[in-house]
Structure formats: C-alpha cells, structure tokens
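For the sequence shown, position 177 (counting from the first letter as 1) is numbered 176 according to numbering that gives the first Met the number 0, and the numbering increases by one without interruption. We treat Cβ as the ideally placed atom computed from N, Cα and C, and that holds for glycine. Since this is a predicted model, take the numbers as computed values, not measurements. A short write-up of the structure that comes next.
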Amino acid sequence: MIGLLQNMTSRYAPWESRLYDAVIAPAVVRFMSSLPYDLVSELPRDARVLDVGCGGGQILASLAEQRPDLKLVGLDLSPEQIRRATKRTSRFGVELRRGSALELPFDDESFDAVYSCASIKHWPDPPRGLSECARVLRPEGRIAIVETDRGCHLPDAACFVGQWRLPAPLRPLALAMFRTWVAGQSPDLAEADAMLEALPLSERSVQRITGTPALLMLGVKG
Ligand SMILES: C[S@@+](CC[C@H](N)C(=O)[O-])C[C@H]1O[C@@H](n2cnc3c(N)ncnc32)[C@H](O)[C@@H]1O
0 MIGLLQNMTS RYAPWESRLY DAVIAPAVVR FMSSLPYDLV SELPRDARVL DVGCGGGQIL
60 ASLAEQRPDL KLVGLDLSPE QIRRATKRTS RFGVELRRGS ALELPFDDES FDAVYSCASI
120 KHWPDPPRGL SECARVLRPE GRIAIVETDR GCHLPDAACF VGQWRLPAPL RPLALAMFRT
180 WVAGQSPDLA EADAMLEALP LSERSVQRIT GTPALLMLGV KG
C-alpha cells in the first residue's frame, strides 16, 4: 500500500501513479516545457527519440505536438503509467513499452536522442540505467537526464511545489515531503557528474536548471 514511501525503487502502485499524474506531473511539464524540445530541436526529420520513465506520457505528448515528424518511444516500469501514456498519446502514434531502464528492450545505437525526466532516482542502479541509455544511443546522439537536485534551494522547491494541484493548506506538508523524501533521495551535482563521467560521452555537463529544484545532465555519445 505504501510501497514508494518505504522504498523509492519499488514500482508505482496504481494509486501512486494516479496521484502523480493528477497532482505533480502537470507542474513538471510546465517547469520543463522547453527542455525536451531543446534536446530535439536540431534533430533531423524522422529522428527516433526515447523517453525513459515516461510516466503518463505528458512530455511525449507535448513533444509530439511540437515535432510531429519525430518517431517517439516511451518506456516505463509501471503498467498503469503505460496505460495512461497510451491513452494520452494515442493520436500521435507514439510507441510505448513496459520495461526497466536497467534493461532497455532496444537494439544498440537505435535512437538519435534519449531523455529521462524525474525517473532516475527510482532506478535501483542508476549507473547501470545510464549505461543502458548510452548503449541504445547512436554515435553523436544526445542524452539529457533531468532529476531533482538534492542540493536544491528552498525558494525553487517552494515555487515548484506551489504549482502542484493541491489545496493550499497542504502545500507546507508537500514541500517538507518534497525536500526530504524526493530531493533527499535524489543525486546532487557532484554525484550526477560522477555518473556521467563513467559513460562514453563527450560534451558532458551537469547544471542546475535555474528557477527549478532540478538538475540537468547532458552529453553526446562518442
Ligand atoms: C516521477 S515519475 C516521472 C514521470 C515523467 N517522466 C514525468 O516527468 O512526468 C517517475 C517514473 O519513472 C518510472 N520508473 C521508476 N523506476 C523505473 C525503472 N526502473 N525503469 C523505468 N521506469 C521507471 C515510474 O514508473 C514513473 O512513471
């Protein structure tokens, strides 16, 4: 019943995925709206792009609206999230797969870009998941990983939680939970940097996303 609260790497229960989808995901998409688009803006027509831990497919749907030519693929561990993403993206022809970031069910070098938003903190072995992301990326392909920054600033966290679809009296509690349970189990800048360094990537960078409690890891394969 309280799987995720006890263990961040357990699979989202149906009620947890429903809660995330309704309360938090709209704020994530608003805060990150330009991010996947920045990643794919220079990709050629028909490029293939993977979203690892796609959740209910909000980012995929937004990307499909901006770049209908792309071949978008989403993967998530939770069947409930995949069901929701399928419904949300059905008119865009997005391919959705259930599976784990630690064992991506795709061929080597089969994507032009790979991104993941707010998922890596849930992976039981983040370096292994990142190495899978790099494996499926073609040479010169780009990777972008967004996650909560354990060292995020309180005003940025408060601003983000302020966008959650919650009654205002619940926000102080939500902010405390976000800072301890979510951010507390997420990487900080140095850890993110070390994880990237282990990958066969050039143009590596790790940075805070200004005005948000998130960090961004970037790299180019090869
Ligand atoms: C916080 S949600 C983020 C969803 C979406 N990316 C977004 O930004 O709105 C995290 C997602 O990661 C998925 N997830 C957790 N562990 C995973 C794993 N090992 N492999 C793939 N997806 C995973 C969860 O099922 C959940 O949908």
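Where does residue i fall in DSSP's three states?
i: Met0; result: Caution is warranted here: a pLDDT of 49 is assigned to Met0, below 50, making its placement in the model unreliable, and the coordinate value is therefore given only provisionally. Reduced to three states, the DSSP call for Met0 is coil.
i: Pro78; result: helix
i: Arg149; result: coil
i: Ser115; result: strand
i: Gly52; result: coil
i: Ala222; result: Residue 222 lies beyond the stretch modelled for the chain, which goes from 0 to 221, so this question has no answer here.
i: Leu215; result: strand
i: Phe110; result: strand
i: Ile23; result: helix
i: Ser99; result: coil
i: Gln162; result: coil
i: Ala197; result: coil
i: Arg47; result: strand
i: Pro138; result: strand
i: Ile58; result: helix
i: Leu172; result: helix
i: Arg178; result: helix
Among the options, which has the Cα closest to the Cα of residue i?
i: Leu103; options: Pro123, Cys132, Gly92 and Leu217; result: Cys132
i: Arg137; options: Arg149, Ser130, Gly150 and Glu108; result: Glu108
i: Glu190; options: Ser201, Val205 and Trp180; result: Val205
i: Phe91; options: Ala12, Ala63 and Gly73; result: Ala63
i: Pro166; options: Pro13, Arg17 and Ala21; result: Ala21
i: Gln65; options: Gly73, Asp50, Ser33 and Leu74; result: Ser33
i: Arg164; options: Gln5, Arg203, Leu18 and Pro13; result: Leu18
In chain order, what residues of the same chain lie with their CB nearer than 7 Å to the CB of residue i, ignoring the 5 residues before and after it?
i: Val160; result: Arg170, Ala173, Leu174 and Phe177
i: Met7; result: Lys120, His121 and Gln184
i: Thr85; result: Leu95
Using a Cβ-Cβ cutoff of less than 6 Å, which residues in the same chain neighbour residue i once the five nearest sequence positions on both sides are dropped?
i: Glu15; result: Leu3
i: Leu76; result: Arg10 and Ser99
i: Met0; result: The predicted position of Met0 is uncertain, since its pLDDT is 49 and thus under 50; a value taken from the coordinates is nonetheless stated next. Excluding positions up to five away in sequence, the list is empty.
Can the beta-carbon of residue i be found closer than 8 Å to that of residue j?
i: Gly106; j: Gly140; result: Note that residue 106 corresponds to Asp in the displayed sequence, not to Gly. Taking 8 Å as the Cβ cut-off, Asp106 and Gly140 do not qualify as a contacting pair.
i: Cys116; j: Val27; result: yes
i: Arg207; j: Leu214; result: yes
i: Leu59; j: Tyr114; result: no
i: Leu101; j: Pro123; result: yes
i: Gly210; j: Asp187; result: no
i: Val51; j: Ser118; result: yes
Residues in the same chain with beta-carbon distance under 8 Å from residue i, minus the five sequence neighbours each way, listed in chain order, please.
i: Ala156; result: Leu174, Phe177, Arg178, Ala182 and Pro212
i: Pro199; result: Ala133, Lys220 and Gly221
i: Asp45; result: Asp68, Leu69 and Lys70
Inspect the CB distances between the region 135-152 and the region 70-89 and report whether three or more fall short of 8 Å. Flag = no, the region 135-152 and the region 70-89 do not touch.
Given 8 Å as the limit, is there contact between the region 190-203 and the region 54-63, that is, 3 or more CB pairs closer than that? no
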